[in-house]
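Position one of the sequence shown corresponds to residue 97 (the numbering used here), numbered consecutively onward.
All C-beta atoms in this analysis are idealised placements derived from N, C-alpha and C, irrespective of residue type, glycine included.
Since this is a predicted model, take the numbers as computed values, not measurements.
In what follows, a single structure is set out as structure tokens and then discussed.
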Amino acid sequence: GVYLGAKSSKEIMVDTVKVELRRRVGEGLGLQLLEIAGGREDGLGITVIDGILDGGIAQGSDVMVGDSIAAITVVKKNTSNEHSSLSEQETRESVETECLGYDKTVEAIMSMPAPETDDERIILTLKRLRRKPKVTVKLQYPPSQQEPDVTLELFSGENLRRAMLTRGVKLNDSLSLRFDSGGRGDCGAEGTCGTCVVNITEGGDLLNPQKTQEAQMLVKNPRWRLACKAIVGFGDQEGSMTVRVNPRQWGDYKKSDKTALQ
97 GVYLGAKSSK EIMVDTVKVE LRRRVGEGLG LQLLEIAGGR EDGLGITVID GILDGGIAQG
157 SDVMVGDSIA AITVVKKNTS NEHSSLSEQE TRESVETECL GYDKTVEAIM SMPAPETDDE
217 RIILTLKRLR RKPKVTVKLQ YPPSQQEPDV TLELFSGENL RRAMLTRGVK LNDSLSLRFD
277 SGGRGDCGAE GTCGTCVVNI TEGGDLLNPQ KTQEAQMLVK NPRWRLACKA IVGFGDQEGS
337 MTVRVNPRQW GDYKKSDKTA LQ
């Protein structure tokens, strides 16, 4: 089949949203449609919702201007009398409308049965484009490194270590000791060496929760995180963070904490 996607998948994402509406006899969806791509002989194109009309069943619902209808399902309840007892059964009738031009979309909508009672429901499956959430990360280096602060804009869901390395950020704390062996050396993002440890001074709630091993390694420094295990903007959050790189090299690092990763 043909599916609606984002032209720039790096910055834009496509959500699939289902909206359930109660049908009313004699009333329609109340949606104004606009074809933004089409004119093909096969009827393919892109049709989006351009307006929500007063008095339609979509008014006041979660349907949004700009949504594209991917499918429509009508749900009916039928009562039957079997073996001297009443039973209620649900029937569904669906039609696909994803990536259709205006005429084909209207034709598909009109092909659905008209409501016979107010107990019927209609389920709209919508495709909705939205900007990928971002997190602004301010990186600070130890004063001894004489490096200026760096501001990065990361997409929610990026791994903090990988994002910093691909942008040329220096991550190699020479004072770190491996959690597994007590020696030195980069573990390759396995979460055992501590060379990528950072201090989250602001915005720590924008990261994923620590797992057991990371929490044990950093028990004496609750604001520290292993960058290799940190997901920025966890749960599609947006916001700002301040991150100190190589926290053991800052003046406020206590010598008594140097065993935290041993």
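Does the segment 321-334 touch the segment 257-265, meaning 3 or more C-beta pairs lie closer than 8 Å?
yes
Under 6 Å Cβ to Cβ from Thr247, same chain only, skipping five residues before and after it: list those, please.
In the sequence shown, counting from the first residue as 1, residue 247 sits at position 151. Cβ within range, chain order: Lys234.
Among Met208, Lys266, Arg136, Ser157, whose alpha-carbon lies nearest the alpha-carbon of Asp199?
One-based indexing of the sequence shown puts residue 199 at position 103. Closest by alpha carbon: Arg136.
Determine the extent of the beta strand (DSSP E) in which Thr201 is found, giving its start and end residues.
Taking the sequence shown and counting its residues from 1, the one referred to as residue 201 is at position 105. Note, Thr201: premise wrong, no beta strand (DSSP E); alpha helix (DSSP H) at 198-206.
Contiguous beta strand (DSSP E) assignments of at least 3 residues, all confined to the segment 228-252:
230-236, 246-251
Bounding residues of the alpha helix (DSSP H) (the contiguous stretch that carries Glu131):
To locate residue 131, count along the sequence shown from 1; it is residue 35. From DSSP, Glu131 is part of no alpha helix (DSSP H) but of the beta strand (DSSP E) over 127-133.
According to the Cβ coordinates, are Thr143 and Thr213 closer than 7 Å?
The residue given as residue 143 occupies position 47 in the sequence shown. The residue given as residue 213 occupies position 117 in the sequence shown. Not a contact, by the Cβ cut-off of 7 Å.
DSSP three-state label for Arg120, please.
Start at 1 with the first residue of the sequence shown, and residue 120 comes out as number 24. Residue state, collapsed to three classes: coil.
If you draw a straight line from the alpha carbon of Thr297 to that of Lys106, how long is it in whole angstroms?
What you label residue 297 is simply residue 201 of the sequence shown in a count that begins at 1. What you label residue 106 is simply residue 10 of the sequence shown in a count that begins at 1. Looking at the two C-alpha atoms, the distance is approximately 28 Å.
How many Å lie between Thr308 and Arg263 at the Cα?
Position 212 of the sequence shown, counted from the start, is the residue given in the question as residue 308. Position 167 of the sequence shown, counted from the start, is the residue given in the question as residue 263. Distance between the alpha carbons of Thr308 and Arg263 is about 29 Å.
Determine the extent of the beta strand (DSSP E) in which Glu298 is found, giving its start and end residues.
To locate residue 298, count along the sequence shown from 1; it is residue 202. Glu298 -> beta strand (DSSP E) spans 293-298.
Is the segment 182-192 in contact with the segment 105-120, if contact means three or more CB pairs nearer than 8 Å?
no
Where Gly262 falls: helix, strand or coil (DSSP):
Working through the sequence shown from its first residue, we reach residue 262 at position 166. The question names Gly, but residue 262 is Thr in the sequence shown. The answer is helix: DSSP assigns Thr262 an H, G or I state.
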